[in-house]
Amino acid sequence: MKGLESRLQSLRSYLKKYFKLMGETALKLYFRGEKLEELSKIRADEYFSDYVLKYMVQLKEGISLFVSFFSDYVKAATVWFELFCGLVRALGTEDFLRILSKQVELDDVVNMSKIDEGYLKFQVKSSLELYLQEARFALLSTYKKALGLPKVVYYTRSEFAEKLIKVMEEQNEDWLKILSEIYSFYENILLKENMVNIVEGLKKIIRYFIEMAQRLQIVQEFIIPNKSWRELLLEDIQKLGRRIEEIEEEIALVADYRIKLFEHGFNASIFLLRVLWGNEKVANAKIEAFARATTSTEELLPTELNLEDLAFGVMVALEEFNIVDQAVQALKEKISIIEEAAQILGSQELQNFYESTAETIRRYNSSGVELYETLLDIQDLLVKNSRDKK
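Numbers given in this note's numbering equal positions in the sequence shown, counted from 1, plus 794.
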């Protein structure tokens, strides 16, 4: 009899230890560091649905909106660059990048005596037929996607997105101005004027392209850090676009792992209380009171323990912790992606997400493992008690 009483006391001690550990670590592990007292008006399930889940969904949406915009932006930049190259080529030079970055002056590389009028007109017409319509569609699509950038800034606090808003406002005007000049040039100059006026008209359009390229000075630090905007190449923008698309998928996975970690970690606690009390409402009330520090670990437990129910609850809790462990291990593999995304987007929210994820992993490596081992100790006592009965 004394052995049974001793085991029951040990069980209660382990259970109190388990819930005390959970209470001490849950905030760091699941609630991103808020104090328990600050959650006094929030039910745990409401916190999950209204804060944790909403936060993750908004973070993913913000990144998704940015990727969607930047993907179209890269396509637009590519087709506009091709159009620029076609027009520059008509002037008898292929020094595209140095002209665009103003490393050389346009007048210094254009030699009137070497320009063939027939070739110039053919090259301009061909370039416009190949790229102008596509450039217009790319402009429209990118402009529409840019309307989502304020939401990106709101959800992620991204400096990159914030600066791109300004860039897009200016570049949209640039694009419209270039389109207007091209139409005017084609209708009024290319087919009607002499060679000198045609060349000057074409130079004017090309200079608008150069002005448009200079807008990227604002965001160059995000595309090629530690380099001058003059070294910015289209391939740098394209490379960044591809990497951002890859990161979007990884961040979505990380957010899902964080949700899974919270959900199953919480289940490991609440389910155990539910089987102990045999009543879901009572268990919810107990854990909420415990979260508000208005009840002790002793008061969390019923006076009498149903050992069969407890054994089942421990088994379920262990399974939930196995899922938590899988989520944490996956987070360890993916955490560097969050930091990279935070740096690329200049996002304070992603930086916070990175830091809270790193803290989650650290906490799990200490307290999470101890919680799991405490459950194993409880299970071991229950098995011994069951054997003694037989």
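Where a beta carbon is used, it is the ideal one built from N, C-alpha and C, also for glycine.
Everything numeric in this text was worked out from a predicted model, so none of it was measured.
When DSSP states are grouped into helix, strand and coil, residue 1090 belongs to the coil group.
Excluding residues up to 5 positions away in sequence, 946, 949, 950 lie with their Cβ nearer than 6 Å to the Cβ of residue 856 in the same chain. Rounded to the nearest whole angstrom, the C-alpha separation of residue 997 and residue 1034 is 30 Å. Cβ neighbours of residue 886 within its own chain (closer than 6 Å, five residues either side excluded): 908, 909. In this model, residue 814 and residue 1166 are separated by some 13 Å (Cα to Cα). By the Cβ criterion, the region 922-941 is in contact with the region 864-879, since at least three pairs of Cβ atoms, one from each stretch, lie closer than 8 Å. Per DSSP, residue 962 is one residue of the alpha helix (DSSP H) stretching across 953-979.
A contact between stretches requires three or more CB pairs, one per stretch, nearer than 8 Å, and the region 934-941 meets this requirement with the region 856-871. Nearest to residue 1039 by C-alpha distance, out of 1160, 862, 1156, is 862. Annotation: the region 1109-1135 contains no complete segment of the alpha helix (DSSP H) (minimum length 4 residues). When the five nearest sequence neighbours on each side are left out, the beta carbons in the same chain lying within less than 7 Å of the beta carbon of residue 903 are those of 887, 889, 893, in order along the chain. Put simply, the backbone Cα of residue 896 is about 10 Å away from that of residue 1005. Residue environment analysis places residue 965 among the buried positions, since at least 16 neighbouring C-beta atoms fall within 10 angstroms of its C-beta.
Here the C-alpha atom of residue 982 lies approximately 16 Å from the C-alpha atom of residue 914. Around the beta carbon of residue 1142, a 10 Å sphere encloses fewer than 16 other beta carbons of the protein chains shown; the residue is thus reported as exposed.
A straight-line Cα-Cα distance of about 5 Å links residue 1139 and residue 952. DSSP links residue 1141 through a beta bridge to 952. Between the alpha carbons of residue 961 and residue 882 lies a gap of roughly 24 Å.
In the three-state reduction of the DSSP assignment, residue 1042 falls in the helix class. One Cα belongs to residue 973, the other to residue 967, and the distance between them is close to 10 Å.
Nearest C-alpha to residue 985 among 943, 809, 971, 916: 916. Every unbroken stretch of the alpha helix (DSSP H) spanning 4 or more residues and falling wholly within the region 1047-1087 is given here in chain order: 1074-1085.
In this structure, the alpha-carbon of residue 1163 lies about 17 Å from that of residue 1066.
Taking residue 911 as the centre and dropping the five residues before and after it, the same chain places the C-beta of 989, 992 closer than 8 Å to its C-beta, in chain order. Here the C-alpha atom of residue 994 lies approximately 13 Å from the C-alpha atom of residue 980. Annotation for residue 901: the continuous alpha helix (DSSP H) segment containing it runs 900-903.
Taking each of 1119, 1180, 957, 921 in turn and checking the Cα distance to residue 1054, the smallest one comes out for 1119.
Straight through space, the alpha carbons of residue 944 and residue 978 are spaced by roughly 34 Å. Its Cα nearest to that of residue 1037, the residue 860 stands out among 1106, 860, 1090.
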